[in-house]
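Enquirer: Provided herewith is a single structure, encoded as structure tokens, for subsequent inquiry.
In the working numbering, the protein residues as written are 1 to 235.
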């Protein structure tokens, strides 16, 4: 279930989200055995919203739930929100772009951000963390410079970080071939608990794993020292 207000509503209507962690599909778990009672139309709409990781239009909900018209769905959504409000639950159905989505309330954002950070770190390999740290500290940066610092090819790692929404293309370098420049995203800040890039620990304050060398040649030092700093920045 996404956190309210963390995505651009205009990009979400009836389309799968490619961001993480909130863009991940909800596991489709079905309890064994049959219920004694038939579900109500409101419960059906609620189940569809819970299982969807993208907004669903009233028309689509009406079609999937078999409850009649979009106007009927809108009434059922109002009833669900009234029930959630009276019960003091942590989520409600919000209108996003041209559809509806079940979202957690903004008050719970700090705790869900911690969960995001945990998920991101558990999915990132050491290589990915080092590449992410280099981009964070050296942005905007081209792939060749990331590879020069790490000493290995980074194309696949950078693609993975883009898929996760942690880095993005921010332009092209004004050099021969005009290679792509990479930078971090707002999601990077959210996941690691940073208000802005100024919250990253300064490089000179880090405990390097190897003897310090001149700044322009700190290849392994930048990668090995910056990665744990990025991981711990929001701790």
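For every residue, glycine included, the Cβ atom is placed at its ideal position computed from N, Cα and C.
When the distance is taken between beta carbons, is residue 112 closer than 8 angstroms to residue 104?
Expert: yes
Enquirer: Out of 202, 56, 82 and 52, which one is the CA nearest neighbour of residue 70?
Expert: 56
Enquirer: Can you tell me the Cα-Cα spacing of residue 190 and residue 37, whole angstroms?
Expert: 43 angstroms
Enquirer: Per DSSP, which residues does residue 84 bridge with? Please list them.
Expert: Residue pairing by DSSP places residue 84 in no beta bridge whatsoever.
Enquirer: For the beta strand (DSSP E) containing residue 170, name the first residue and the last one.
Expert: 167-172
Enquirer: Between residue 185 and residue 169, how many whole angstroms is the CB-CB distance? I'm expecting something under 8 angstroms.
Expert: Not confirmed; about 10 angstroms, so no contact.
Enquirer: For the beta strand (DSSP E) that residue 181 lies in, which residues bound it at each end?
Expert: 180-184
Enquirer: Can you give me the C-alpha to C-alpha distance between residue 102 and residue 41, rounded to a whole angstrom?
Expert: 16 angstroms
Enquirer: Quick check on DSSP: helix, strand or coil for residue 155?
Expert: helix
Enquirer: Can you give the beta carbon distance from residue 93 to residue 81, rounded, assuming they're within the 8 angstroms contact cut?
Expert: 6 angstroms
Enquirer: Pick helix, strand or coil for residue 104, following the three-state DSSP scheme.
Expert: strand
Enquirer: Could you give the distance in angstroms between the alpha-carbon of residue 87 and the alpha-carbon of residue 50?
Expert: Residue 87 and residue 50 have their C-alpha atoms roughly 17 angstroms apart.
Enquirer: Distance, Cα to Cα, residue 66 vs residue 100?
Expert: 17 angstroms
Enquirer: Leaving out five residues before and five after residue 76 in sequence, what residues of the same chain have Cβ atoms less than 8 angstroms from its Cβ?
Expert: 41, 42, 45 and 67
Enquirer: Would you decide whether residue 96 is buried or exposed? Buried here means 16 or more other CB atoms lie within 10 Å of its CB.
Expert: Sixteen is the threshold: when 16 or more other Cβ atoms of the shown chains lie within 10 Å of the Cβ of residue 96, as they do, the residue is buried.
Enquirer: Do you know offhand how far residue 188's Cα is from residue 175's?
Expert: 27 angstroms
Enquirer: Hey, residue 173 and residue 181: beta-carbon distance below 8 angstroms or not?
Expert: yes
Enquirer: Identify whether residue 189 lies in helix, strand or coil by the three-state DSSP scheme.
Expert: Helix, per DSSP.
Enquirer: Span of the alpha helix (DSSP H) holding residue 242?
Expert: Residue 242 lies beyond the range of the chain shown here (1 to 235); nothing can be said about it.
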